[in-house]
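Below is one structure, written out as structure tokens; comments come after it.
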Amino acid sequence: MTKYADFYRRSLHDRDAFWSEQAGLIDWKTPPQQICDYSKPPFVRWYVGGTTNLCHNAVDRHLKDRPDQAALIYVSTETGTEKTYSFRELHAEVQRTAAVLREIGVQKGDRVLIYMPMIAEAAFAMLACARIGAIHSVVFGGFASVSVASRIEDASPKLIISADAGSRGGKVVEYKPLLDEAIRLSSHKPDAVLLVDRGLSAMKLIAGRDHLWAPLREKHMDATVPCEWLESNEISYTIYTSGTTGNPKGVQRDTGGYAVALAASMKYIFGGKAGETYFSTSDIGWVVGHSYIVYGPLIAGMATIMYEGLPTRGIDGEPNPGIWWQLVEKYKVTQLFSAPTAVRVLKKHDPAYLKKYDISSLKTLYLAGEPLDEPTAQWISDALGVPVIDNYWQTETGWPILTIANGVEKAPSKFGSPGVAMYGFDVKLLNELTGEELVGAGEKGVVAIEGPLPPGCMQTVWRDDARFVKTYWETVPGKMVYSTFDWGIRDKDGYFFILGRTDDVINVAGHRLGTREIEESISSHPNVAEVAVVGVADKLKGQVAMAFVVAKDASTVSEERTRLQLEGEVMKLVEGQLGAFARPSRVRFVTLLPKTRSGKLLRRAIQAVCEGRDTGDLSSMDDPSALRQIRDLVASA
Ligand code: AMP
Numbered sequence: 001m002t003k004y005a006d007f008y009r010r011s012l013h014d015r016d017a018f019w020s021e022q023a024g025l026i027d028w029k030t031p032p033q034q035i036c037d038y039s040k041p042p043f044v045r046w047y048v049g050g051t052t053n054l055c056h057n058a059v060d061r062h063l064k065d066r067p068d069q070a071a072l073i074y075v076s077t078e079t080g081t082e083k084t085y086s087f088r089e090l091h092a093e094v095q096r097t098a099a100v101l102r103e104i105g106v107q108k109g110d111r112v113l114i115y116m117p118m119i120a121e122a123a124f125a126m127l128a129c130a131r132i133g134a135i136h137s138v139v140f141g142g143f144a145s146v147s148v149a150s151r152i153e154d155a156s157p158k159l160i161i162s163a164d165a166g167s168r169g170g171k172v173v174e175y176k177p178l179l180d181e182a183i184r185l186s187s188h189k190p191d192a193v194l195l196v197d198r199g200l201s202a203m204k205l206i207a208g209r210d211h212l213w214a215p216l217r218e219k220h221m222d223a224t225v226p227c228e229w230l231e232s233n234e235i236s237y238t239i240y241t242s243g244t245t246g247n248p249k250g251v252q253r254d255t256g257g258y259a260v261a262l263a264a265s266m267k268y269i270f271g272g273k274a275g276e277t278y279f280s281t282s283d284i285g286w287v288v289g290h291s292y293i294v295y296g297p298l299i300a301g302m303a304t305i306m307y308e309g310l311p312t313r314g315i316d317g318e319p320n321p322g323i324w325w326q327l328v329e330k331y332k333v334t335q336l337f338s339a340p341t342a343v344r345v346l347k348k349h350d351p352a353y354l355k356k357y358d359i360s361s362l363k364t365l366y367l368a369g370e371p372l373d374e375p376t377a378q379w380i381s382d383a384l385g386v387p388v389i390d391n392y393w394q395t396e397t398g399w400p401i402l403t404i405a406n407g408v409e410k411a412p413s414k415f416g417s418p419g420v421a422m423y424g425f426d427v428k429l430l431n432e433l434t435g436e437e438l439v440g441a442g443e444k445g446v447v448a449i450e451g452p453l454p455p456g457c458m459q460t461v462w463r464d465d466a467r468f469v470k471t472y473w474e475t476v477p478g479k480m481v482y483s484t485f486d487w488g489i490r491d492k493d494g495y496f497f498i499l500g501r502t503d504d505v506i507n508v509a510g511h512r513l514g515t516r517e518i519e520e521s522i523s524s525h526p527n528v529a530e531v532a533v534v535g536v537a538d539k540l541k542g543q544v545a546m547a548f549v550v551a552k553d554a555s556t557v558s559e560e561r562t563r564l565q566l567e568g569e570v571m572k573l574v575e576g577q578l579g580a581f582a583r584p585s586r587v588r589f590v591t592l593l594p595k596t597r598s599g600k601l602l603r604r605a606i607q608a609v610c611e612g613r614d615t616g617d618l619s620s621m622d623d624p625s626a627l628r629q630i631r632d633l634v635a636s637a
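Residues 1 to 637 in full-length UniProt numbering are what the sequence shown spells out, letter by letter.
This is the structure in structure tokens:
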């Protein structure tokens, strides 16, 4: 048995001893009394009775050995800002922020919704919430008012923290008007809104509700706010993710299990050591931002880079597709974490940019969030001369399900495969109709995980245990098992290959989108009778959303000019409601949509036609002319 195979086996079959050892990677105020309570499957409680705090583990515990070492390195190529906070300075800023939250009346268990651009204050806010036991719910800054409103409604926050604006490619993106509209749309109203004024856009403050960050911070410069010790299973945060319904799900995470899972992943998967520098190019609005911009690297005592900007623009605002490598050189980055789409963007530029800087500090590049195609992996691996490691996971799991644990034992990567099952994840491939386990090499099945899920994974859907059970654990017949909703195969060496989603979730540039959410937004246009949204393969972004619409008034789409006008209106609507990243790449008009005789939309057949693939069995289809229209549209494009 290889060293990793034994490590993996112990994580499942000698579970309590294995995870008890990992618990030693973090600080506990009181040690856990029970490692794993799985008496009420599929709900699991890790480290029962132990008390700890995420902010203590990320910040305070490093004050003894590394107070003056860099902790948070903030870089914005949008505003030309670079600022490094040592652990001591980060500790002071987080306490100031915690004192402000307290002054506003935020208590343990209250929700704080964070809708912010990539600025240092966003990290202070997250850590301050963790410090006082408030539950943060960070909403990606690219979301627009309707998406933000549904999250406010569900999280019912006491406080919302935001800013005047973000910036993208030098263009100011206002947040405050979108937030005001989102609060107007939501039936839940927060008591207070705390706003960072970056001086990018004028804000109209609402008296009694809106507060500015800077003057409140000034009042608490010397604040001392102790960490609230939380029982391991108390909630640290929720993060919303898309599914097959229009309603996003609040993925709820614990405190102790999450801290241990991150600490262990930094050691065994990312090989990150205290004093090194981690650079994840993601955003705090996504799970990667929670785990590997804020908490993971800091728990490991590393410096973490928080980056606002494009991969192709320099600190002076001029085009520079070498900016990441420049940062690697300057801050001696050891681990870089990004997404395949970003690498595909860089691939379009002169590879000389990669050679311009001294990147000898870099040990490994990690890519995740979407399938990594072989040409992209090969190109970046050749260009950097360091190993490129794919990792497959989900918002729900919080850390990788499949990858290579080089910190346990060095193993080769295989292009096209994210790797093998990680310790703690009892990954199975199942026949989706019978639930039968597929054990033969190359057999295609649903990627499923036997309970209990390891530490760090979602506890439940926020305020909806029934939805958690029904959505994730009851999809495979005759078995209570967690479904990832991905298809996969495994080769004879145990390496998995992910073959796409089993549901209607699409992945645009590593961002997960529910086609239902986009359809609901498009349906709110007065001239839309019906709509189908599908994900279509795209060379750069992996997938893009494509919409097929039946107009209420057919005469409006009979001419090219009015057709284009309606297409523009629909795109603008989605941009205004959900955000620019959810906007379909095209809106095409048809007179009817392909459906089964019982009225179910045949999204997969539409997708296959758009991608020039075989549609498979269409015997249940009602009217074949519907698919023919789409075929003609695609052929004429
Ligand atoms: P999210 O929760 O937004 O991170 O999306 C998770 C989904 O993204 C997974 O269920 C997969 O469909 C896809 N995904 C994430 N990482 C990978 C990867 N390394 N390879 C292939 N698909 C991935």
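All C-beta atoms, glycine included, are put in the ideal place defined by N, C-alpha and C.
Proximity test, residue i beta-carbon vs ligand 1 heavy atom, cut-off 7 angstroms
i, result
"F581", "no"
"T484", "yes"
"A368", "yes"
"W393", "yes"
"P226", "no"
"T364", "no"
"P375", "no"
"D390", "yes"
"R561", "no"
"P32", "no"
"N507", "yes"
"D371", "Asp is not the amino acid found at residue 371; the sequence shown has Pro there. For ligand 1, at least one heavy atom lies less than 7 angstroms from the Cβ of P371."
"I498", "yes"
"V287", "yes"
"T238", "no"
"R151", "no"
"T241", "yes"
"R198", "no"
"R604", "no"
"P418", "yes"
"R501", "yes"
"R512", "yes"
Start-to-end residues for the alpha helix (DSSP H) that takes in residue i
i, result
"Q22", "R15 to A23"
"T97", "F87 to I104"
"Y331", "I323 to Y331"
"S625", "P624 to S636"
"L63", "Per DSSP, L63 belongs to no alpha helix (DSSP H) and is neither H nor E."
"F124", "A120 to I132"
"F143", "Careful: F143 lies outside any alpha helix (DSSP H) and carries neither H nor E."
"F468", "D465 to F468"
"A296", "The sequence shown places Gly at residue 296, not Ala. Its alpha helix (DSSP H) spans residues G296 to I299."
Bridge partners - residue i, DSSP secondary structure assignment
i, result
"D538", "G542"
"A192", "L159"
"F548", "A532 and R588"
"A70", "S86"
"E308", "S76"
"D114", "Note that residue 114 is Ile in the sequence shown, not Asp. I114 is bridged to V138 and I161."
"A303", "T277"
Where the beta strand (DSSP E) through residue i begins and ends
i, result
"W46", "F43 to V48"
"Q34", "Q34 to K40"
"G166", "A165 to R168"
"K279", "Going by the sequence as given, residue 279 is Phe instead of Lys. First-last of the beta strand (DSSP E) with F279: T277 to S280."
Below-8 angstroms beta-carbon distance, residue i vs any chain B residue
i, result
"P526", "Here chain B cannot be found, since the structure has a single protein chain."
Please confirm if the region 215-231 is in contact with the region 151-169, defined as three or more CB-CB distances below 8 angstroms between the two stretches. Touching, no.
Sequence ranges, alpha helix (DSSP H) only - wholly within the region 337-393, length at least 4: The region 337-393 contains these whole alpha helix (DSSP H) runs: 340-347, 352-355 and 374-384.
Of all the beta strand (DSSP E) runs that stay within the bounds of the region 484-530, which reach a length of 3 or more residues? Listed in chain order, they are 496-501, 505-508 and 511-514.
Quick test of the definition: if touching needs 3 or more C-beta pairs under 8 angstroms, does the region 61-71 touch the region 37-52? Proximity of the region 61-71 to the region 37-52 falls short of the contact definition, fewer than three beta-carbon pairs being nearer than 8 angstroms.
Does the region 349-369 come within contact of the region 192-202, defined as at least 3 CB pairs closer than 8 angstroms? Three or more beta-carbon pairs separated by less than 8 angstroms are not found between the region 349-369 and the region 192-202, which leaves the two stretches without contact.
Which parts of the region 554-586 are runs of the alpha helix (DSSP H), unbroken and 4 residues or longer, counting only runs that do not cross its ends? Counting only runs of 4 or more, we get 560-577.
Count the C-beta pairs between the region 241-254 and the region 77-89 that are closer than 8 angstroms, then say yes if the count reaches three, no if not. Judged by pairs of C-beta atoms under 8 angstroms, the region 241-254 does not touch the region 77-89, as fewer than three such pairs exist.
Hey, is the region 550-564 in contact with the region 606-624, meaning 3+ C-beta pairs nearer than 8 angstroms? Of all C-beta pairs linking the region 550-564 to the region 606-624, fewer than three are shorter than 8 angstroms, placing the two stretches out of contact.
Identify every run of the beta strand (DSSP E) within the region 405-461, keeping only runs that are complete inside it and at least 3 residues long; order them along the chain. The region 405-461 contains these whole beta strand (DSSP E) runs: 426-430 and 445-450.
Completely contained beta strand (DSSP E) runs for the region 175-255, where each covers 3 or more residues: The region 175-255 contains these whole beta strand (DSSP E) runs: 192-196, 210-212, 237-241 and 249-253.
So does the region 267-278 actually touch the region 325-342, counting three or more Cβ pairs closer than 8 angstroms? At 8 angstroms Cβ cutoff, the stretches touch.
So, do the region 520-529 and the region 543-552 have three or more beta carbon pairs nearer to each other than 8 angstroms? With the cut-off at 8 angstroms, the region 520-529 and the region 543-552 touch.
So does the region 429-445 actually touch the region 400-417, counting three or more Cβ pairs closer than 8 angstroms? Cβ pair count under 8 angstroms is below three, so no.
Is it true that the region 97-108 meets the region 127-138, where meeting means three or more beta-carbon pairs spaced less than 8 angstroms apart? Contact between the region 97-108 and the region 127-138 is present, because at least three Cβ pairs lie under 8 angstroms.
The region 455-463 / the region 486-505 touching (three or more Cβ pairs under 8 angstroms): Verdict: no, contact absent.
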